[in-house]
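Each position in the sequence shown, counted from 1, maps to that position plus 1 in the working numbering.
Just so you know, even glycine gets a beta-carbon here, dropped at the ideal spot from N, CA and C.
Predicted, not measured: the structure shown is a model, and the values here were computed from it.
Input: a single structure, listed below in structure tokens.
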Amino acid sequence: FREISQELSSLTSKYSENVLDATDAWSRRIDDAAALSGLPQSAIDLARQSAEQRGETGWLLTLDYPSFYPVLTYADDAALRHEVYQAYQTRASEQGPHAGKFDNSDNMEQILRLRHEQAQLLGFANYAERSLARKMARSTDDVMQFLHDLAARSKPQAEHELAELRAFAAEQHGVDELLPWDIAYYSEKLRQHRYNITQEEVKPYFPETRVVPGMFDVVGRLYGVSFHEVDGVDTWHPDVRFYEIRDHDGSLRGQFYFDLYARKNKRGGAWMDDCQSRMQTRSVDQIPVAYMTCNFTPPVGDKPALLTHDEVETLFHEFGHGLHHMLTKVDYVAISGINGVAWDAVELPSQFMENYCWEREALDLFAAHYETGERIPEDLYGRMLAAKNFQSGMMMVRQLEFSLFDFRIHREYDPEKGGRVYEILEQVRDEVAVIRPPEWNRFAHAFTHVFAGGYAAGYYSY
């Protein structure tokens, strides 16, 4: 069992490293500004800054989220969208611009095989059963029934939303066929058309220099704690900041590192991780310490980092995880903080905190124009609320695709047949997907939540 655990640790680390290396390996230098038509000025400025930081001219696009996402969402050049989409969706695989160089195919097979072996050593039929041993769900059948039921209820709405998008693209833009790299682009066009709102209109009201202390203010009012930045602490990058949380009486409750900006050689996504957990014994008085990491667009030029509202939600989400870890009063490591709940309940505090990103009273504590200090106008706030659930059906079936895929590859693993990763993924898509990616899409090769994170046979809890 110990040998399998060690090998799994090595394989999941290698999987994650391959994704990071593949992400960093690709870039595209643009010499002609016309190729960037449609991109917000903030994205163009970031591309210029990225090129300058590498000693290059023109504009540089990468697969870091603040770079590739605006291309897929706003770039008028369909060929550029296609190129970026293909580079991103084939990372760490045998396909795409770096085919075979960072290939995770064998790592996935070995991870699934070893998880299955380990589960059977413990008396479980498969890894999905083992995963549920410490979760709220009672059985693998219950999880599958839950996901199938949710899919049946969600897919009609997703199909309706896609039909609306296709009709809009045809009627307003003369586009008869939507390809996968067109979806985000025309979805944004439809959102603007329907709700008269853009992310660029909202971003000036969310400077990071205002959002972070405002979030601390919201949390302070909720839980009676205060936050204090500490200088002189060793960190792994100059962008990283260190804070203390103190109770109303001044006692220390926890500490955390804040690493908010995207950069080269940094893992993508956003997450909270524990550095150490709370523990109180006769000889040990250990406070909880957390890492909170995001990949937001860094400051460009003399402007502060301006966040999208989605990024503000991400920040509050991860901070919810951090609060769960740091505000615990349980003295035993095994059950303190996030260790004290079933893993399929761990997203509750984080998703709860997202609600404050939509409440007017809370928004007024952290949202103000970075130049004028003006609060979000009531008209803009109303349009934000109106667009809140835009294409929620399509987003739901996408998450269900991830969840069913994750659970089935662990529940149905057969040593004689292997992982059948893409066979099962295609079966799942037959059931829930409304948008089918190209044959060369290699999503699973970079699905770090499941193959290198803590959500194996547990993604359904998202």
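Check                                                                                                                        : Outcome
Per-residue burial, residue 253 [other beta carbons within 10 Å of its own, 16 or more giving buried]                        : exposed
Same chain only: Cβ atoms within 8 angstroms of residue 345, ignoring 5 sequence neighbours per side                         : 136, 137, 138, 459, 461, 462
For residue 95, the nearest candidate out of 265, 266, 443 (CA to CA)                                                        : 443
is_contact[residue 368, chain D] using C-beta, thresh 8 angstroms                                                            : The structure shown contains no chain D, having only a single protein chain.
Proximal residues to residue 307 (C-beta, below 8 angstroms), its chain only, five neighbours per side dropped               : 43, 204, 205, 207, 208, 209, 298, 371
Distance between residue 106 and residue 19 (C-alpha atoms, nearest Å)                                                       : 11 angstroms
Proximal residues to residue 57 (C-beta, below 8 angstroms), its chain only, five neighbours per side dropped                : 30
Residues that residue 227 bridges to, as DSSP identifies them                                                                : 247
C-beta atoms of residue 218 and residue 240 nearer than 8 angstroms                                                          : no
Validate contact between the segment 178-194 and the segment 264-282 using beta carbons, cut 8 angstroms, 3 pairs            : no
Under the three-state DSSP convention, the category residue 1 falls into                                                     : The chain is shown from 2 up to 463; residue 1 falls before or after that span and cannot be answered.
Cβ contact check for the segment 216-232 and the segment 315-322: 3 or more pairs under 8 angstroms                          : yes
Distance CB(residue 263)-CB(residue 66) smaller than 8 angstroms                                                             : yes
For residue 327 and residue 246, believed in contact at Cβ under 8 angstroms, the rounded distance                           : 6 angstroms
Entirely enclosed beta strand (DSSP E) segments - the segment 150-184, minimum 3 residues                                    : none
Residue(s) in a DSSP beta bridge with residue 28                                                                             : 63
Beta-carbon spacing of residue 13, residue 453 below 8 angstroms                                                             : yes
Other residues of its chain near residue 348: CB distance less than 8 angstroms, five sequence neighbours each side excluded : 462, 463
Within 8 angstroms, strictly: CB atoms of residue 63 and residue 28                                                          : yes
Assumed close pair residue 408, residue 129 - CB separation to whole angstroms, cut-off 8 angstroms                          : 6 angstroms
Residue 275 burial status per 10 Å Cβ neighbour count (16 or more: buried)                                                   : buried
Buried versus exposed call for residue 147 [16 or more other C-beta atoms within 10 Å across all chains shown]               : exposed
Sequence ranges, alpha helix (DSSP H) only - wholly within the segment 61-96, length at least 4                              : 66-75, 79-90
Run of the beta strand (DSSP E) containing residue 290, from where it starts to where it stops                               : 290-297
Residue 200: first and last residue of the uninterrupted alpha helix (DSSP H) it sits in                                     : 200-203
Inside the segment 359-426 only - alpha helix (DSSP H) runs reaching at least 4 residues                                     : 361-367, 379-387, 393-412
Which listed residue (226, 178, 242) has its alpha carbon closest to that of residue 233                                     : 242
Among 156, 271, 293, nearest to residue 436 - alpha-carbon criterion                                                         : 156
Rounded separation between residue 55 and residue 25 - CA only                                                               : 13 angstroms
Three-state class that DSSP yields for residue 272 in the structure shown                                                    : strand
For residue 112 and residue 468, the rounded distance between their alpha carbons                                            : No information on residue 468 is available, as it lies outside the stretch 2 to 463 that the chain covers here.
Residue from 375, 382, 342, 351 with nearest C-alpha to residue 1                                                            : Examination of residue 1 is not possible in this model, given that the chain is present from 2 through 463 alone.
Collapsed DSSP secondary structure at residue 235 in the structure displayed                                                 : coil
Closest residue to residue 271 among 256, 294, 265, 277 (Cα-Cα distance)                                                     : 294
Continuous alpha helix (DSSP H) stretch holding residue 461: start and end                                                   : Residue 461 -> no alpha helix (DSSP H), and no H or E assigned at all.
Nearest neighbour of residue 89, chosen from 448, 457, 456 [CA to CA]                                                        : 448
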